[in-house]
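Sequence lines, in order, name chains A and B. So the first sequence is numbered by the numbering used here: it starts at 6 and just counts up by one. So the second sequence is numbered by the numbering used here: it starts at 6 and just counts up by one. Glycine included, every Cβ here is placed at the ideal spot set by N, Cα and C. Here the structure is laid out as structure tokens; the discussion comes afterwards.
Number of protein chains: 2
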Amino acid sequence: MSNTLTSREQDYSQWYNDLILKGNLADYSAVRGCMVIKPYGFALWENMRDQLDRMFKETGHQNAYFPLFIPKSFLSKEAAHVEGFAKECAVVTHYRLKNDPNGGGVIVDPDAKLEEELIVRPTSETIIWSTYKNWVQSYRDLPILVNQWANVVRWEMRTRLFLRTAEFLWQEGHTAHATREEAIEETERMLEVYATFAEEYMAVPVIRGVKSANERFAGAEDTYCIEALMQDGKALQAGTSHFLGQNFAKAFDVQFTDRDNKMDYVWATSWGVSTRLIGALVMAHSDDQGLILPPKLAPTQVVIVPIYNKDIDARQKIDDKAKELVKELGKKGIRAKFDNDDTTRPGWKFAEYELRGVPVRLAIGARDLENNQVEVARRDTKEKSSYALVGLTEQIADLLENIQKSMYQKALTFREDKTTKVDTWEEFVDILDNKGGFVSAHWDGTSETEEKIKEKTKATIRCIPLNNTMEEGKCILTGNPSTQRVLFARAY
Amino acid sequence: MSNTLTSREQDYSQWYNDLILKGNLADYSAVRGCMVIKPYGFALWENMRDQLDRMFKETGHQNAYFPLFIPKSFLSKEAAHVEGFAKECAVVTHYRLKNDPNGGGVIVDPDAKLEEELIVRPTSETIIWSTYKNWVQSYRDLPILVNQWANVVRWEMRTRLFLRTAEFLWQEGHTAHATREEAIEETERMLEVYATFAEEYMAVPVIRGVKSANERFAGAEDTYCIEALMQDGKALQAGTSHFLGQNFAKAFDVQFTDRDNKMDYVWATSWGVSTRLIGALVMAHSDDQGLILPPKLAPTQVVIVPIYNKDIDARQKIDDKAKELVKELGKKGIRAKFDNDDTTRPGWKFAEYELRGVPVRLAIGARDLENNQVEVARRDTKEKSSYALVGLTEQIADLLENIQKSMYQKALTFREDKTTKVDTWEEFVDILDNKGGFVSAHWDGTSETEEKIKEKTKATIRCIPLNNTMEEGKCILTGNPSTQRVLFARAY
Numbered sequence: 006m007s008n009t010l011t012s013r014e015q016d017y018s019q020w021y022n023d024l025i026l027k028g029n030l031a032d033y034s035a036v037r038g039c040m041v042i043k044p045y046g047f048a049l050w051e052n053m054r055d056q057l058d059r060m061f062k063e064t065g066h067q068n069a070y071f072p073l074f075i076p077k078s079f080l081s082k083e084a085a086h087v088e089g090f091a092k093e094c095a096v097v098t099h100y101r102l103k104n105d106p107n108g109g110g111v112i113v114d115p116d117a118k119l120e121e122e123l124i125v126r127p128t129s130e131t132i133i134w135s136t137y138k139n140w141v142q143s144y145r146d147l148p149i150l151v152n153q154w155a156n157v158v159r160w161e162m163r164t165r166l167f168l169r170t171a172e173f174l175w176q177e178g179h180t181a182h183a184t185r186e187e188a189i190e191e192t193e194r195m196l197e198v199y200a201t202f203a204e205e206y207m208a209v210p211v212i213r214g215v216k217s218a219n220e221r222f223a224g225a226e227d228t229y230c231i232e233a234l235m236q237d238g239k240a241l242q243a244g245t246s247h248f249l250g251q252n253f254a255k256a257f258d259v260q261f262t263d264r265d266n267k268m269d270y271v272w273a274t275s276w277g278v279s280t281r282l283i284g285a286l287v288m289a290h291s292d293d294q295g296l297i298l299p300p301k302l303a304p305t306q307v308v309i310v311p312i313y314n315k316d317i318d319a320r321q322k323i324d325d326k327a328k329e330l331v332k333e334l335g336k337k338g339i340r341a342k343f344d345n346d347d348t349t350r351p352g353w354k355f356a357e358y359e360l361r362g363v364p365v366r367l368a369i370g371a372r373d374l375e376n377n378q379v380e381v382a383r384r385d386t387k388e389k390s391s392y393a394l395v396g397l398t399e400q401i402a403d404l405l406e407n408i409q410k411s412m413y414q415k416a417l418t419f420r421e422d423k424t425t426k427v428d429t430w431e432e433f434v435d436i437l438d439n440k441g442g443f444v445s446a447h448w449d450g451t452s453e454t455e456e457k458i459k460e461k462t463k464a465t466i467r468c469i470p471l472n473n474t475m476e477e478g479k480c481i482l483t484g485n486p487s488t489q490r491v492l493f494a495r496a497y
Numbered sequence: 006m007s008n009t010l011t012s013r014e015q016d017y018s019q020w021y022n023d024l025i026l027k028g029n030l031a032d033y034s035a036v037r038g039c040m041v042i043k044p045y046g047f048a049l050w051e052n053m054r055d056q057l058d059r060m061f062k063e064t065g066h067q068n069a070y071f072p073l074f075i076p077k078s079f080l081s082k083e084a085a086h087v088e089g090f091a092k093e094c095a096v097v098t099h100y101r102l103k104n105d106p107n108g109g110g111v112i113v114d115p116d117a118k119l120e121e122e123l124i125v126r127p128t129s130e131t132i133i134w135s136t137y138k139n140w141v142q143s144y145r146d147l148p149i150l151v152n153q154w155a156n157v158v159r160w161e162m163r164t165r166l167f168l169r170t171a172e173f174l175w176q177e178g179h180t181a182h183a184t185r186e187e188a189i190e191e192t193e194r195m196l197e198v199y200a201t202f203a204e205e206y207m208a209v210p211v212i213r214g215v216k217s218a219n220e221r222f223a224g225a226e227d228t229y230c231i232e233a234l235m236q237d238g239k240a241l242q243a244g245t246s247h248f249l250g251q252n253f254a255k256a257f258d259v260q261f262t263d264r265d266n267k268m269d270y271v272w273a274t275s276w277g278v279s280t281r282l283i284g285a286l287v288m289a290h291s292d293d294q295g296l297i298l299p300p301k302l303a304p305t306q307v308v309i310v311p312i313y314n315k316d317i318d319a320r321q322k323i324d325d326k327a328k329e330l331v332k333e334l335g336k337k338g339i340r341a342k343f344d345n346d347d348t349t350r351p352g353w354k355f356a357e358y359e360l361r362g363v364p365v366r367l368a369i370g371a372r373d374l375e376n377n378q379v380e381v382a383r384r385d386t387k388e389k390s391s392y393a394l395v396g397l398t399e400q401i402a403d404l405l406e407n408i409q410k411s412m413y414q415k416a417l418t419f420r421e422d423k424t425t426k427v428d429t430w431e432e433f434v435d436i437l438d439n440k441g442g443f444v445s446a447h448w449d450g451t452s453e454t455e456e457k458i459k460e461k462t463k464a465t466i467r468c469i470p471l472n473n474t475m476e477e478g479k480c481i482l483t484g485n486p487s488t489q490r491v492l493f494a495r496a497y
């Protein structure tokens with residue numbers, strides 16, 4: 006397989022697929038719509054997961070695990086919820102195979118039909134709230150602050166590696182509270198955790214906002230979201246945090262005795278991010294040579310490539326120095342790797358690590374050592390310079406921080422350039438077709454108008470930004486009065 | 006719910022269930038055979054998982070993720086494998102629900118039937134080897150050293166929390182090698198990793214051995230195992246490591262070009278441990294007052310309980326000292342918790358933390374502080390003593406190590422006492438019925454005899470110990486010649 010990627014300009018979508026496959030992040034599988042996450046992709050996910058997990062625990066959450074299967078009747082208990090998920094459910098109907106008595110090989114045993122079908126969880130509100138019923142009697146049992154790392158299945162018809170797959174990995178927080186206010190506070194707190202993660206770790210700036218009714222989670226009273234912008238000018242929903250009101254508590258009859266000894270239904274939130282974030286990370290930063298990974302999440306932060314000549318002694322010195330550097334960098338918590346594989350040439354390695362998005366590359370040759378220096382190349386800007394060996398680890402640590410910040414800044418500038426205020430329908434369509442990005446425009450607040458705009462332009466309301474400026478205006482489609490601008494975009 | 010447990014003597018099986026439920030490790034779920042792992046149980050699993058994961062990475066393995074679903078035809082490709090798993094497969098047949106046009110609520114949409122049924126993975130050899138086919142061309146692509154943390158489903162008819170559940174969490178390593186020798190070496194290496202983990206972290210001594218043909222994994226040439234002994238004298242298989250030969254490479258046509266440019270099939274291993282280990286941990290150490298957790302895995306290692314009197318100043322001093330201690334212990338990497346909840350009394354807390362198996366409890370009252378000491382209670386032996394505040398953290402660190410070792414030693418002594426050599430059938434039956442534990446006896450090596458012994462006594466061959474002494478003898482059942490003793494036991 007050639008390592009050359011289709012360029013972004015030529016075919017952005019193909020560039021993305023090439024990058025995921027050739028960058029060794031994931032592979033197609035034999036099961037329709039399901040992917041294989043390869044070791045390099047999984048190492049990236051582990052870094053994301055571990056950091057998110059730390060942030061969840063710092064905000065008081067604990068992990069737990071609930072069943073993969075949901076009885077069909079449970080899914081049906083919350084009307085909007087089942088409406089939202091019914092069309093993409095994988096259904097288990099039998100629990101045994103057997104040898105076909107007619108010699109047709111292994112078949113499903115018709116005698117092993119389940120009395121009630123089981124749905125492979127598309128999300129776990131129903132199975133979790135059926136459990137919380139047993140955990141909550143009084144306000145003293147609240148809040149419940151639980152998160153689950155799990156696989157879920159949504160039978161999507163059109164799939165894309167990481168962005169939309171039939172099975173994906175995610176975390177889903179499910180919390181239970183005594184008051185409406187406390188639940189809303191939790192919903193907003195977790196949105197802020199996601200935004201912080203996206204910006205400080207993924208180096209992806211995000212808009213914090215609230216979804217319109219059309220785009221709300223099935224069963225939520227309010228869906229908060231973070232929205233990111235990709236290099237092709239399309240938006241991507243990177244995480245959602247839902248205020249569920251008392252909907253699931255009512256569906257599963259979860260009541261509690263409050264401080265005044267009165268019974269009330271429990272208030273709920275749920276919030277999730279998934280392996281989709283890997284797609285967002287890749288599309289936000291990478292270039293035609295390959296991945297560009299933010300240092301804080303890159304599986305390998307620094308790779309050392311030796312430039313050998315025929316002198317065996319010099320070679321030994323290079324090896325010794327490289328190994329010493331890996332150790333020293335490791336002591337500072339920097340994930341460094343020495344690639345001394347002598348079956349491939351330095352040029353091949355340079356291209357390979359560019360493809361893999363390793364943030365910093367050190368090249369060490371005999372002459373470098375004589376001059377007490379190394380060649381340092383940063384992946385994001387491709388700048389090269391010579392660094393003195395003295396104080397090198399501190400300089401590398403600074404460089405990694407610098408790259409992290411500069412990747413964020415670049416993405417932020419890009420997003421700002423691609424966010425356009427428009428006040429007329431013509432301009433709205435023109436920007437969407439020719440510039441892309443977020444379009445900030447007035448909308449009359451009705452679902453009907455939102456749907457019409459979507460039909461005409463394929464753009465959706467990504468969100469109503471939090472702390473939005475109130476401003477009188479007229480809806481770009483209907484001309485009806487509006488009190489604030491919302492963000493439209495075509496989206497993944 | 007009362008916190009009192011059924012005693013082991015009264016009903017060992019009920020004691021175990023009580024302990025899992027009241028110790029807050031897990032809960033039954035609404036889905037037959039599936040459990041909910043509660044936050045306390047999951048925190049224990051996280052400690053086990055993280056340590057195993059470190060050990061896998063230290064031995065060169067990387068994590069990856071493969072699909073939850075396996076096409077039915079894949080499972081059928083290895084004859085012994087499908088034979089072994091067919092009877093306990095959850096089968097997905099449809100991918101959509103819809104509203105019943107006749108008003109019967111939400112039903113499975115008959116138009117959304119899958120062309121080929123999908124099996125929810127009971128284990129992943131088949132889907133993984135169908136993928137490895139694309140990853141391996143030459144010996145340079147080998148070895149592949151991959152592990153997966155995942156949920157799997159085996160539709161067991163009789164389930165027990167943690168010990169045997171329809172869905173469970175586990176890890177499954179799947180490695181690919183160029184030679185038979187290398188694959189066997191890997192199989193043995195991973196068995197040793199499991200044994201080390203069981204003994205050094207779980208404080209559970211294990212016998213390392215090889216399974217007889219009857220007990221072999223479906224599709225393996227050899228199954229290595231570690232076997233532990235529970236307090237009721239029954240054995241429990243705690244982990245298995247399989248040498249798969251070329252069986253799966255042949256089933257999925259995974260060939261490679263070796264160093265001599267000849268084609269050969271790839272050699273395979275797989276190895277796994279699961280949440281079953283939590284059941285083993287609980288049954289090996291706990292007592293009638295509750296869990297006894299080994300310090301290295303306990304979610305909370307030290308709990309500090311304040312003994313308040315009416316003096317507010319003294320109370321403040323206790324709080325300050327306790328918080329300082331939590332911080333100091335934390336600096337030494339000790340997971341400590343200060344329970345200053347004043348809605349419950351110290352006696353209630355003592356019982357609660359005994360139930361939860363926290364290894365060390367510190368009680369601090371006003372008089373203790375005046376005397377510059379605290380009361381220290383260890384959970385395993387229930388011994389109490391006074392420790393000086395000076396140098397306390399070092400002493401606690403030593404105590405935790407001491408508890409870890411002494412738990413292992415106690416379990417080892419128990420196992421040695423419960424391992425009996427027998428040479429006659431009468432003695433064999435007598436020991437199984439009246440003493441329990443491992444019975445070391447001669448066996449003629451045939452599956453037929455093994456099955457007859459199982460029918461008559463419910464005992465199975467747990468393993469043929471590694472490095473077994475060769476010794477001429479006569480099979481306890483048939484009197485036929487035998488070359489070595491094997492270990493029998495009744496087992497979970």
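Sequence-distant partners of residue 204 of chain A (beyond 5 residues in either direction) whose C-beta falls short of 7 Å from its own C-beta, in its chain, are 210, 211 and 413. Contact with chain B is absent for residue 82 of chain A, since none of that chain's Cβ atoms lies less than 8 Å from the residue's Cβ. The C-alpha of residue 487 of chain A lies about 18 Å from the C-alpha of residue 219 of chain A. Inter-segment contact for the stretch 178 to 188 of chain B and the stretch 132 to 147 of chain B is present: three or more beta-carbon pairs are separated by less than 8 Å. CA-CA distance, residue 411 of chain A to residue 199 of chain B, rounds to 45 Å. Bridge partners of residue 365 of chain B according to DSSP: B:307 and B:383.
Where residue 85 of chain A is concerned, the enclosing alpha helix (DSSP H) starts and stops at 84 to 90.
In this structure, the CA atom of residue 201 of chain A is about 12 Å from the CA atom of residue 243 of chain A.
Between residue 285 of chain B and residue 241 of chain B a beta carbon distance of about 5 Å is seen, short of the 8 Å cut, so the two are scored as contacting. The three-state secondary structure of residue 21 of chain B, taken from DSSP, is helix. Nearest to residue 250 of chain B by alpha-carbon distance, out of B:268, B:263 and B:273, is B:273. Nearest CB-CB separation between residue 135 of chain B and chain A: below the 8 Å threshold. In this structure, residue 253 of chain A lies near residue 130 of chain A, with their beta-carbon atoms less than 8 Å apart.
When the Cα atoms are used, residue 85 of chain B and residue 80 of chain A turn out to be separated by approximately 37 Å. Checking the DSSP bridge columns, you'll see residue 230 of chain A partnered with A:214 and A:245.
Residue pairing by DSSP places residue 446 of chain A opposite A:491 in a beta bridge. In the DSSP assignment, residue 54 of chain B falls within the unbroken alpha helix (DSSP H) covering 44 to 63. Among the bridge pairs identified by DSSP, residue 97 of chain A is matched with A:123 and B:97. The Cβ atoms of residue 154 of chain A and residue 54 of chain A lie closer than 8 Å to each other. Residue 187 of chain B sits in a helix when the DSSP states are folded into three classes. Neighbours of residue 144 of chain A across chain B, judged by C-beta separation under 7 Å, do not exist; the nearest C-beta is about 12 Å away. For the stretch 89 to 101 of chain B, residues whose beta-carbon sits nearer than 9 Å to a beta-carbon of chain A comprise 90, 91, 92, 93, 94, 95, 96, 97, 98, 99, 100 and 101. Residue 294 of chain B is outside the set of residues whose beta carbon lies under 8 Å from a beta carbon in chain A. Under DSSP, residue 175 of chain B takes part in a beta bridge, and its partners are B:155 and B:279. At a beta-carbon threshold of 8 Å, the residues of chain B lying near residue 44 of chain A are 67, 68, 69 and 151, ordered along the chain. Residue 351 of chain B carries a helical assignment under DSSP once its states are collapsed to helix, strand and coil.
Buried is the label assigned to residue 127 of chain B, since at least 16 other Cβ atoms lie within 10 Å of its Cβ. Sequence-distant partners of residue 117 of chain B (beyond 5 residues in either direction) whose C-beta falls short of 7 Å from its own C-beta, in its chain, are 99, 100 and 101. Of all residues in the stretch 170 to 195 of chain A, the ones placed with a Cβ closer than 9 Å to any Cβ belonging to chain B are 171, 172 and 174, in chain order.
Ranked by Cα distance from residue 83 of chain A, the options A:121, A:132 and A:50 are led by A:132. Interface flag for residue 76 of chain B against chain A is set, since a Cβ pair is found closer than 8 Å.
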